[in-house]
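Working notes, structure below.
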Amino acid sequence: MTGAPGTVAGIDIGGTTTQAVLCSPDLDVLDRTELPTPAAEGGRVMVAAALGALRRLLDRTPARLLGVGIGAAGVVDPRAGRVLVASDSFHGWAGFPVTETVEQALGVPAFLDNDVNAFLRGEVARGAVAGATHVLGMTLGTGVGGALWLDGALYDGPHGAAGEIGHVPGFGDLPCTCGGRGHLETLASGRSLAARYAERTGRLDTAREIAGAAGRGDPDALAVYEAAGAAVARALLLTAGLLDVTTFVIGGGVGGSWSLLEPALFKTLAAEPPVSGRPLHALPSRLGGDAVALGAAARARAALT
Ligand SMILES: [Zn+2]
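Per my numbering, residue 1 is the first one in the sequence shown, and the count goes up by one each step.
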């Protein structure tokens, strides 16, 4: 051990990419790296790959590692440090003891969070809603995720599912990936934008390609992004009415097309203000691809200091 200031690390294990960041105690990102997630090869290989990435960062930055936070896609048990439920694209991930494996490999404490919770921690720590005390975070990616920050702390509820705004009904009648109907996700996820666009045009494009078409004035592309923006706004209004939360940060790949979501989103917010009369503040993610890893590092720092 030296007297050098310590570092904290954050790892984002996503379905396609694993990202690692090394941060100062103030959460400045000192170094970062990423690699494809070996999602088909099982939890042990996935965590080993993430540890390999982190070791490369540690080799380049001579400072004492204090702890590691990990943000992982899927349902996780943050207390046990295990993944509970993972999507089909992962093999051997559900049940894998993530924090135990990382702690044994590195000899420092490790902390596991769901990736949407980590995204929100990152944006509150150093992003679009830095310093806010009450926030709903939403990620519009392949699916729609949500997380709540209440009274200056993450609120995950008695079953770890608080803030899951993507899977509440009241957003039409379309079938959702979860088996339900009319969920926000049926309008506002990348997969849904593609499906809604295909229904209108017969074309199978990605959400990113549809965003490009919208930028060129394609009316069907504009319409599906408009529907997504309006649906997101209704989710924010529900949250504001229920919890008096008026600050929102929206990320994920679809959230990156903020200029396409924004007009319908703000129009809907203006049309149906909450009874509190308080204005709602909806902001795009500022940290982008760093948010989950940085938020995971923020979790580790908060637990260690
Ligand atoms: Zn659903």
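Glycine residues also receive a C-beta, built at the ideal position from the N, C-alpha and C atoms.
Asked, Found
"Does the beta-carbon of G252, which I'm using as the reference point, lie nearer than 7 Å to any heavy atom of ligand 1?", "no"
"Are there any heavy atoms of ligand 1 lying less than 7 Å away from the beta-carbon of G321, as far as the coordinates show?", "No statement about residue 321 is possible, as the shown extent of the chain runs from 1 to 305 and does not include it."
"Determine, using beta carbons only, whether W93 and G71 come nearer to each other than 8 Å.", "no"
"Determine the direct distance from the alpha carbon of A235 to that of G14, and round the result to whole angstroms.", "25 Å"
"Report the rounded CA-to-CA distance for G145 versus H183, giving the unit in angstroms.", "12 Å"
"Rounded to whole angstroms, what's the CA-CA distance from G152 to A223? Just pull it up for me.", "37 Å"
"Going by CA-CA distance only, name the one from A162, A39, H134 that's closest to N114.", "A162"
"When the Cβ atoms of the segment 242-254 are set against those of the segment 132-141, are three or more pairs found closer than 8 Å?", "yes"
"Is it the case that the CB of V102 approaches a heavy atom of ligand 3 more closely than 7 Å?", "In terms of ligand content, the structure shown lacks ligand 3 and carries ligand 1 instead."
"Does the distance from the C-beta atom of L150 to that of H167 stay below 8 Å?", "no"
"Please classify Q19: is it buried, with 16 or more other beta-carbons within 10 angstroms of its beta-carbon, or exposed?", "buried"
"Would you decide whether T2 is buried or exposed? Buried here means 16 or more other CB atoms lie within 10 Å of its CB.", "Because the pLDDT at T2 is just 44, under 50, the model does not fix this residue reliably, and the point stays unresolved."
"How would you call A64, buried or exposed, if buried means at least 16 neighbouring beta carbons within 10 angstroms?", "Per the sequence shown, the amino acid found at residue 64 is Arg instead of Ala. Flag for R64 reads exposed."
"Near T186, what residues of its chain come up, given a Cβ to Cβ distance below 6 Å and the 5 sequence neighbours on each side ignored?", "L174, C176, S192"
"Does the segment 274-284 come close enough to the segment 98-117 to have 3 or more Cβ pairs within less than 8 Å?", "no"
"Put E41 into one of helix, strand or coil per three-state DSSP.", "helix"
"Let me know the secondary structure DSSP gives L280 once reduced to three states.", "coil"
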